[in-house]
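Heads up, the thing below is written out as structure tokens.
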Amino acid sequence: VQEVGCLSIIVLGASGDLAKKKTFPALFHLFKQGFLQENDVHIFGYARSKLSDEDLRERICGYLGQAASTEPTEVLSRFLQLIQYVSGSYDSEGGFQLLNKQISEHEISKRSEPGTSRRLFYLALPPSVYPSVCKMIRRYCMNQSDLGGWTRIVVEKPFGKDLKTAEDLSSQLGELFDEKELYRIDHYLGKELVQNLLVLRFANRLFLPLWNRDNIDNIQIVFREDFGTEGRGGYFDEYGIIRDIIQNHLLQVLCLVAMEKPVSLYPEHIRDEKVKVLQSVIPIKLEEVVLGQYEGYKDDPTVSDSSNTPTFATIVFHIYNERWEGVPFILKAGKALNSRKAEIRIQFKDVPGDIFESKRHGRNEFVIRLQPSEAMYMKLTVKKPGLEMSTIQSELDLSYGLRYQDANIPEAYERLILDTIRGDQQHFVRRDELRVAWEIFTPLLNSIEEGKLRPVMYKPGSRGPAEADELLAKVGYVQTHGY
Ligand code: BG6
147 VQEVGCLSII VLGASGDLAK KKTFPALFHL FKQGFLQEND VHIFGYARSK
197 LSDEDLRERI CGYLGQAAST EPTEVLSRFL QLIQYVSGSY DSEGGFQLLN
247 KQISEHEISK RSEPGTSRRL FYLALPPSVY PSVCKMIRRY CMNQSDLGGW
297 TRIVVEKPFG KDLKTAEDLS SQLGELFDEK ELYRIDHYLG KELVQNLLVL
347 RFANRLFLPL WNRDNIDNIQ IVFREDFGTE GRGGYFDEYG IIRDIIQNHL
397 LQVLCLVAME KPVSLYPEHI RDEKVKVLQS VIPIKLEEVV LGQYEGYKDD
447 PTVSDSSNTP TFATIVFHIY NERWEGVPFI LKAGKALNSR KAEIRIQFKD
497 VPGDIFESKR HGRNEFVIRL QPSEAMYMKL TVKKPGLEMS TIQSELDLSY
547 GLRYQDANIP EAYERLILDT IRGDQQHFVR RDELRVAWEI FTPLLNSIEE
597 GKLRPVMYKP GSRGPAEADE LLAKVGYVQT HGY
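The opening residue of the sequence shown carries number 147 in my numbering; numbering runs sequentially from there.
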């Protein structure tokens, strides 16, 4: 039996924002729970800044919510001892040779047989440097032979800005690494209730006959944030809400809500079904799009005064297949709105031959709240308790906070990094999925850039443009007034 060698996790961009907020905290939580073992794992931070090992450890200690002046807990100290820093630029041969030397020394110290060690490169970096970094890794930092060891590369969105740039990036990375070695993160795929969608849909007899155009009137997938672009205006202004949230996070959720049952849970079977859904999406109609921009967005000095970048969008999608023809999928995302929430709202059709006038309460709805306070609830019409035969709308409610009080709901990045170590690509975006996603959005993005569609202004802290609610009503969504 082949021995598995030690694990090196290399965080490139170790002094940046993503590493600080997501990567290191996720690694720490995995360590705390015993998924990363001291006798096996070593973590390397790589970035341009000139730092010592101790400097980086101190920063990470700060990132993890402990002021450097207070003593780190015992478990945090043990975690910090696993971290070593290497400084170098992202296109420097010397830097990557040094990085390889340090990793190899660690592997030798752990007596890993050549070729058996595992190297996980996490690119917490802007995509503009992906090609050069990947070239350097390929040239200098790969395992020497293939004896059960591996090299895996984790990359973060944005994967391009449109079909062409995304395909260029994919080809560049594809020339260097096999698809099996590339892990494209969409962190929404690591969220508990997103992962639950597959179970919910295919392990419950109740939903099987209902989940189609015969019973469902419309589906909304909504992302709201109650803060603006805060400090990220420069990045955001180049991308906008469609590229930042809808083309990736919400579209991935749409795939899981709409796809057919996969042949098995094998990652390729699941991803095959997701691609089929995307291929069945018909071109977006401009009259089924509402864009918004919050007032004050352009006050950010890094945002251009004439910016037309949407910070809000509602887009109606139609899937042309046997299950979904005629059911609008309304994807809505916005910054600086009145609340922070992500949810899927499945609205059923009216009851035919209704004898209770239950329509006046609205329709049955099944809501899956991804965050905050994970929950699933079903809006039902019931008899109002009492002597009268009158009806009200009420809820069957599964709130995770109440039902699973002791459960630890892991952070998305924690789960996805663990999947990467385990080699499970189910919750990562495959190259063809990415291509079709860009095929869907590129014509719309071009129209926006050509000025054919302009954002409507909305007040920060509001529901967004009223035009979006009008569009929702136009495609069939009926507001419920339950209580
Ligand atoms: C990121 C976007 O991908 O997701 C951000 O770039 C957004 O703009 C964030 O704030 C939202 O993630 P979450 O997990 O807080 O919903």
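Ideal placement from N, C-alpha and C gives every residue a C-beta, glycine not left out. It should be emphasised that the depicted structure is a prediction, and the values quoted were computed from it without experimental measurement.
| message | I'd like to confirm something about Asp-390: is its beta-carbon nearer than 6 Å to some heavy atom of ligand 1, or not? | response | yes
| task | Let me know if Ile-249 comes out buried or exposed under the rule of 16 or more other beta-carbons within 10 Å of its beta-carbon. | result | buried
| message | Per the DSSP calculation, Met-603 is bridged to which residue(s)? | response | Gln-439
| field | Simplified DSSP state of Ala-614, which is helix, strand or coil | value | Three-state DSSP puts Ala-614 in a helix.
| task | Please state whether DSSP places Leu-210 in a helix, a strand or coil. | result | coil
| Between which two residues does the beta strand (DSSP E) containing Ile-229 stretch? | 229–233
| query | CB Ala-482 to CB Tyr-546, shorter than 7 Å? | reply | No, they are not a contact pair.
| said: Give the list of continuous beta strand (DSSP E) stretches no shorter than 3 residues that lie fully inside the region 258–286. | reply: 264–269
| task | Please confirm whether Val-575 and Asp-332 have their CB atoms less than 7 Å apart. | result | Yes, the pair counts as a contact, with Cβ atoms nearer than the cut-off.
| Does the Cβ-Cβ distance between Asp-363 and Lys-495 come in under 7 Å? | Using a Cβ distance threshold of 7 Å, Asp-363 and Lys-495 count as a contacting pair.
| said: Within a Cβ cutoff of 8 Å, which residues of the same chain sit near Ala-214, ignoring the five residues on either side of it in sequence? | reply: Residue placement at Ala-214 cannot be trusted, given a pLDDT of 46 that sits under 50; what the coordinates show is reported in the next sentence. Counting only Cβ-Cβ distances below 8 Å, and skipping sequence neighbours, we find Glu-204, Cys-207 and Gly-208.
| Going by C-alpha distance, which of Lys-178, Val-300 and Phe-170 is nearest Gln-571? | Val-300
| query | Taking the alpha helix (DSSP H) that Lys-178 falls in, what are its first and last residues? | reply | 170–178
| query | What number of angstroms, rounded off, separates the C-alpha of Arg-378 from the C-alpha of Leu-411? | reply | 38 Å
| task | Between the Cα of Ser-233 and those of Gln-625, Phe-225 and Ser-198, spot the shortest distance and give me the residue it belongs to. | result | Ser-198
| field | Cβ-based neighbour list, Cys-401, same chain, cut-off 6 Å, excluding 5 preceding and 5 following | value | Lys-420 and Val-423
| task | Kindly list the residues whose CB is nearer than 8 Å to the CB of Pro-518, restricted to its own chain and excluding five residues on each side of it in sequence; keep chain order. | result | Arg-486 and Lys-487
| task | Tell whether a beta-carbon distance below 7 Å holds between Leu-516 and Leu-339. | result | yes
| If you compare alpha carbons, which of Leu-322, Leu-228 and Arg-389 is closest to Leu-437? | Arg-389
| message | Using DSSP's beta-bridge definition, name the partner residues of His-464. | response | Pro-474
| query | When the Cα atoms are used, what is the spatial distance from Pro-260 to Lys-166? | reply | 32 Å
| request: Using beta-carbon positions only, say whether Leu-335 and His-175 come within less than 7 Å of one another. | output: no
| Three CB pairs or more closer than 8 Å across the region 363–375 and the region 553–567 | Verdict: no, contact absent.
| field | Residue span of the beta strand (DSSP E) that contains Leu-158, given as start and end | value | 153–158
| Could you give the distance in angstroms between the alpha-carbon of Glu-613 and the alpha-carbon of Ala-459? | One C-alpha to the other measures close to 11 Å.
| query | Exposed or buried, Gln-493, counting other C-beta atoms within 10 Å across all chains shown (16 or more means buried)? | reply | buried
| field | 7 Å Cβ shell around Val-497 - same chain, five flanking residues per side excluded | value | Closer than 7 Å at Cβ, skipping near neighbours: Ser-504.
| query | Is the beta carbon of Gln-318 sitting closer than 7 Å to the one on Tyr-286? | reply | no
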